[in-house]
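Going by this note's numbering, the first residue of the sequence shown is number 25, and it counts up by one from there. What follows is a set of notes on a single structure, which appears directly below.
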Amino acid sequence: MPADQTTKTVYYLRARRDDQPFDLQSIAKKARKKKSTCDATEIELGGGDVVRIQHFSNSNGRTLMHLTRYVPGVQASTLQPKATTAEDDEGAQPPPKGKEFKDGDCFLFLKDHHVLYCGHGISKSKASLYLSQLFREAELHDESSGFDLVPASNLDKLQLIQDHGVKSIQLAVGAFDLSLPKARRTSWIAKSLGTLGDELGALVGKDQSLTKQKALEDLIVNVEVKLDGNTRAIQSSQDFIEDLAETVLDDDTETPVSEFTIVTQKNERITSGEIRLQTGVKVETKDNSVSHTSVWGAMGTYFDQITQGNLLEQ
């Protein structure tokens, strides 16, 4: 792979509210008309974290968004190249006057209620929270009450799980989502892992520094649910683990699970990459980030592929 390229994952999601398709594209376009500058779209999401629309485009009936985030006043760590001392004490460098250091991106492709997401430092949950607040500040009151971005599934792999049964489930859960206040833990999985979430929330509560809060966004908690005795397990246990598998895979369920592996009773391993509609794409790098036009182009190609494969409305 050339040095100026990297691999990113693009996820296909569906915007939903009250178990119905939610036309996120049209609302985003309305908000953009009311908030037409970068400054107008800046929203603080807590801890000094500011997210805004960096680039926005409407092309061929599709809406493309590039969100960025920064923290006012944050300095960048520095080191001394080729230091001749045994150790090098790191320093800090402020941004140029009138500038701030960018601290993350994400990219969105919108077509009606169909959504492609690619993260590079801004999580899906944070992007969703940002858009809801943007709609509220744009005084789109009917549209600002929130929505879910839920994954879609490959039905062939689902049938394999149903035919062969579930032996174990390995979940990779985002710590940021688990640490949300109890009132915002809406999914069954988030509630079930609530004790762990309380511990993570308490950890942040002891140290309100931005470093701790951002650490949660990059932290993944691994959990495994496994039958004791496999096929010999009592029926209620088998029913439970199969219900859990369905919950993880449910297109209409917003869960904090970023990745998962389901092992069938025949020891077939099915990963989230095989179940959920997602793909790895090569995109151009730009400074310490990636090129938004390169990501947008890759998203357009992937959307055409899943459209031609009749996967949008499975």
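Backbone N, C-alpha and C define an ideal beta-carbon position, used for all residues, glycine too.
Residue i, DSSP secondary structure in three states
{"i": "Asp113", "result": "coil"}
{"i": "Gly324", "result": "helix"}
{"i": "Ser147", "result": "coil"}
{"i": "Gln99", "result": "coil"}
{"i": "Leu69", "result": "coil"}
{"i": "Thr61", "result": "coil"}
{"i": "Phe284", "result": "strand"}
{"i": "Ser83", "result": "strand"}
{"i": "Thr317", "result": "helix"}
{"i": "Asp263", "result": "helix"}
{"i": "Gln186", "result": "helix"}
{"i": "Thr108", "result": "coil"}
{"i": "Leu155", "result": "helix"}
{"i": "Ala269", "result": "helix"}
{"i": "Arg208", "result": "Note on Arg208: pLDDT 47, under 50, position unreliable in the model; no value is reported."}
{"i": "Glu161", "result": "helix"}
Spatially closest choice to residue i from the options, by CA coordinates
{"i": "Glu292", "options": "Tyr35, Ile185, Arg38 and Gly72", "result": "Ile185"}
{"i": "Gln78", "options": "Gly71, Leu88 and Gly70", "result": "Leu88"}
{"i": "Gly324", "options": "Ser81, Ala52 and Arg56", "result": "Ser81"}
{"i": "Gly189", "options": "His138, Glu124 and Ala269", "result": "Ala269"}
{"i": "Ile67", "options": "Asn334, Gly304 and Gln157", "result": "Gln157"}
{"i": "Lys191", "options": "Arg300, Asp73 and Ile286", "result": "Ile286"}
{"i": "Ala55", "options": "Leu164, Ala107, Leu336 and Val307", "result": "Leu164"}
{"i": "Asp73", "options": "Pro120, Asn312, Asp127 and Pro105", "result": "Asp127"}
{"i": "Val174", "options": "His137, Asp187, Leu195 and Gln194", "result": "His137"}
{"i": "Arg160", "options": "Thr65, Lys250, Leu195 and Glu266", "result": "Thr65"}
{"i": "Gln289", "options": "Val307, Gln104 and Asp187", "result": "Asp187"}
{"i": "Ser83", "options": "Asp43, Asp267, Asn312 and Lys53", "result": "Lys53"}
{"i": "Pro120", "options": "Ala322, Gly97, Gln104 and Ala110", "result": "Gly97"}
{"i": "Phe125", "options": "Gly145, Ile193 and Gln99", "result": "Gln99"}
{"i": "Thr295", "options": "Gln194, Asn312, Lys250 and Pro105", "result": "Gln194"}
{"i": "Ala322", "options": "Lys306, Asn334 and Asp28", "result": "Lys306"}
Residue i and residue j closer than 7 angstroms at C-beta
{"i": "Gln329", "j": "Tyr35", "result": "no"}
{"i": "Val75", "j": "Tyr154", "result": "yes"}
{"i": "Ala151", "j": "Lys59", "result": "no"}
{"i": "Gly122", "j": "Cys130", "result": "no"}
{"i": "Phe171", "j": "Ala39", "result": "yes"}
{"i": "Arg93", "j": "Lys135", "result": "no"}
{"i": "Thr33", "j": "Gly304", "result": "yes"}
{"i": "Leu103", "j": "Glu114", "result": "yes"}
{"i": "Ile146", "j": "Leu69", "result": "no"}
{"i": "Asp28", "j": "Thr331", "result": "no"}
Opposing strand residues paired with residue i [DSSP bridges]
{"i": "Ile77", "result": "Leu91"}
{"i": "Val139", "result": "Leu37 and Leu134"}
{"i": "Thr303", "result": "Val34"}
{"i": "Ile51", "result": "The partner list for Ile51 (beta bridge, DSSP) is empty, contrary to what the question assumes."}
{"i": "Pro45", "result": "Arg40"}
{"i": "Arg293", "result": "Val287"}
{"i": "Thr309", "result": "Val314"}
{"i": "Leu173", "result": "Ala39"}
{"i": "Gln29", "result": "Glu308"}
{"i": "Asp129", "result": "Thr92 and Gly145"}
Does the count of Cβ pairs from the stretch 35 to 48 and the stretch 310 to 321 closer than 8 angstroms reach three? no
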